[in-house]
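What follows is a single structure, written as structure tokens, with notes after it.
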Amino acid sequence: MGEEVKVFGYWASPYSYRAELALKLKGVSYEYINEDIFGNKSDLLLKYNPVHKKVPVLLHNGKPIVESVVILEYIEETWKHNPYLPQDPYDKATARFWIKFIDEKCFPTLWLAAWSSENEREKVTNEACEYMKTLESALNGKKFFGGETIGMVDIVASSVGYFIRVTQEIMGLNLLSADKFPQLFQWSEDFANCSIVKESLPPRDKLLPFVKGLIAKYQQDNAKA
Amino acid sequence: MAEEVVLLDFWPSLFGMRSRIALAEKGIKYEYKEEDLRNKSALLLQMNPVHKKIPVLIHNGKPVCESLIQVQYIDEVWHDKAPLLPSDPYQKATGRFWADYIDKKIYDLGSRVWKTMGEEQATAKKEFIESLKLIEKELGDKPYFGGESFGYVDVAFIPFYSWFYAYEKCGNFSIEAECPKLIAWAKRCMQKESVAKSLPGQQKVYDFILQMKKHLGIE
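Protein chains in written order, with UniProt numbering: chain X, 1 to 225; chain C, 1 to 219.
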């Protein structure tokens, strides 16, 4: 039977990227639909994600799955080859812990640190650095969070390892620096250099001006307020 | 082999209650340790160094943190009794979605209902009721969120029932009037021993909230 797999996403969204990377790691073909999330969201998106109205949405044989981490768990359970979550319940719980940590602490604070005003920035940056130090400890000498190969934590950490690095470049910040966080920095390099990741990440030369524009607009809006 | 299970907890914690229920559903004997959150034990700080929060489930000396992660862990380790998550990946995904919604929306809105006053509280109350109605719609006419049997979303949400009276008194509204099906579901869950023995009484929770409000200077 033909599997029908679709992803409703946005090319620059770190969350949307997670869903696509997971499908690529599993070698699952899918149709990608780019949503105009800053303009007009499609009727289909609003139909498939009425609660949050956000991307990504994974559509599998007509049934929608939403929220990037829920999507990642679903993909892992549906296509069991090339597993990216450990089998052992304790190791699985540990992976889930780090995923939650990235999404609730690490990523939002780093994002804030890049966008916040000069006077707030120092406090947020200090907090972000604490979180990065903690995240780095999770690597514990391994090449990837998943061990020798990319795991679910790595997929989620792409938000920090790639998207944040691009953002900080624009802002002239050096949050994820090689001297402060050598292991984490090395991880982000190794991660971005994996062929399957390299070919699927939104290109830097397209992402840079896009995020620059977003930040400029945000600062403009805030200056008016 | 003797299993050693310890739960570091705090009696009014909505999150701790989830793990209590899951352990009770599976019939697991464990040691319950009450934490004084103003004076956290060395064990808690050692077992959850990142967040320093309860609940912490310690299984044969190894800690599992975060309540929903604990519930999934309990379900996976003691998988031969009272399954909490469905086996179908799509149903599992639906369960995870609603558990996430409960944590991101319902918990925050409920907190704002008892922590704020005036206009801010009025807004929080309105949004809180809307979120309850949404989850009530998801329940539909099923006996449990899990369908015929008590499951993951039920475990995730039923602890809130012990806080309903506190929310109602603080916000001056009736949840039953707004969401009768939800109350019917809650009462059905409370008939289960695993739930009844894991939830504190509603008055006790309300008294605790009043103390917290005083402590935080909210009149």
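We put the beta carbon where it would ideally sit given N, CA and C, even for glycine.
Interfacial residues, the segment 128–151 of chain X to chain C, with Cβ spacing under 7 Å: Thr134
Whole-number beta carbon distance between C:Leu7 and C:Arg20, since they are thought to touch under 8 Å: 7 Å
Could you confirm whether any beta carbon from chain C is found closer than 7 Å to the beta carbon of X:Met1? The predicted position of X:Met1 is uncertain, since its pLDDT is 47 and thus under 50; no value can be drawn from it.
Select from X:Pro83, X:Asp91 and X:Glu35 the residue whose C-alpha is nearest the C-alpha of X:Val7. X:Glu35
Along the segment 59–87 of chain C, what residues have a CB closer than 8 Å to any CB found in chain X? His59, Lys62, Val64, Cys65, Glu66, Ile69, Gln70, Gln72, Tyr73, Glu76 and Val77
At a Cβ threshold of 7 Å, is X:Thr78 touching chain C? yes
Of the residues X:Glu3, X:Val5, X:Asp179 and X:Ser13, the one placed nearest X:Pro202, counting alpha carbons only: X:Ser13
As a quick exercise: from C:Thr123, C:Tyr107, C:Asp154 and C:Gly110, pick the residue whose alpha carbon is nearest that of C:Glu138. C:Asp154
Alpha carbon to alpha carbon, what distance is there between C:Glu178 and C:Thr123? Those two C-alpha atoms are separated by around 16 Å.
Check whether the Cβ of X:Ile65 lies closer than 7 Å to any Cβ atom in chain C. yes
Cross-chain neighbours of C:Ala156 in chain X, by beta carbon under 7 Å: Correct list: empty, because the minimum Cβ distance to chain X is about 13 Å.
For X:Ala128, I'd like the list of residues in its chain whose CB is within less than 8 Å of its CB, leaving aside the five on either flank, ordered along the chain. Same-chain partners within the cutoff: Cys106, Thr109, Leu110, Leu112, Ala113 and Leu175.
Residues of chain X with CB under 7 Å from C:Arg96, in chain order? Val70 and Glu73
Beta carbon proximity, C:Ile50 to chain X, threshold 7 Å: One detail in the question is off: residue 50 of chain C reads as Val in this sequence, not Ile. Yes, C:Val50 lies at the interface with chain X (some Cβ there is under 7 Å from its Cβ).
Counting only the same chain and skipping the five closest in sequence on each side, list residues whose C-beta sits under 6 Å from that of X:Val66. Asn49 and Val57
Return the residue from the list C:His215, C:Met190 and C:Ser131 that minimises the CA-CA distance to X:Val51. C:Ser131
Close beta carbons around X:Ile155, own chain, < 8 Å, minus the five adjacent residues each side: Excluding positions up to five away in sequence, the list reads Arg18, Leu21, Ala22, Leu25, Leu72 and Tyr84.
Under DSSP, the alpha helix (DSSP H) around X:Glu169 begins and ends at which residues? Arg165 to Met171
I want to see whether chain X comes within less than 7 Å of C:Pro89, judged by CB atoms only; does it? yes
Cβ closer than 7 Å: which chain C residues qualify as neighbours of X:Pro89? Tyr73, Glu76 and Val77
When you compare only the Cα positions, how much space is there between residue 271 of chain C and C:Ile209? This structure cannot settle anything about residue 271 of chain C, because the visible part of chain C is limited to 1 through 219.
Check whether the Cβ atoms of C:Tyr32 and C:Leu23 sit closer than 7 Å, and answer yes or no. no
Would you list the one or two residues that DSSP bridges to X:Glu31? Beta-bridge pairing links X:Glu31 to X:Lys6.
Neighbourhood of X:Ala192 by C-beta, 8 Å cutoff - its chain only, sequence neighbours within 5 removed: Gly161, Tyr162, Lys198 and Leu201
Against chain C: residues of the segment 91–116 of chain X by CB proximity under 9 Å: Lys92, Ala93, Thr94, Arg96, Phe97, Lys100, Phe101 and Lys105
From the beta carbon of C:Ala22, is the nearest beta carbon of chain X less than 7 Å away? no
Three-way DSSP call (helix, strand, coil) for X:Glu148 in this model: In this structure, DSSP gives X:Glu148 a state outside helix and strand, which the three-state scheme calls coil.
Using a Cβ-Cβ distance cut-off of 7 Å, determine whether C:Ala93 contacts chain X. yes
Rounded to a whole number of angstroms, what is the C-alpha to C-alpha distance between X:Ile164 and C:Cys170? 41 Å
Report yes or no: is there a C-beta of chain B within less than 7 Å of the C-beta of C:Asp100? Checking the listed chains, one finds no chain B in this structure; the protein chains it contains are X and C.
Check whether chain X comes within 7 Å of C:Tyr206, counting only Cβ atoms and requiring the distance to be less than that. no
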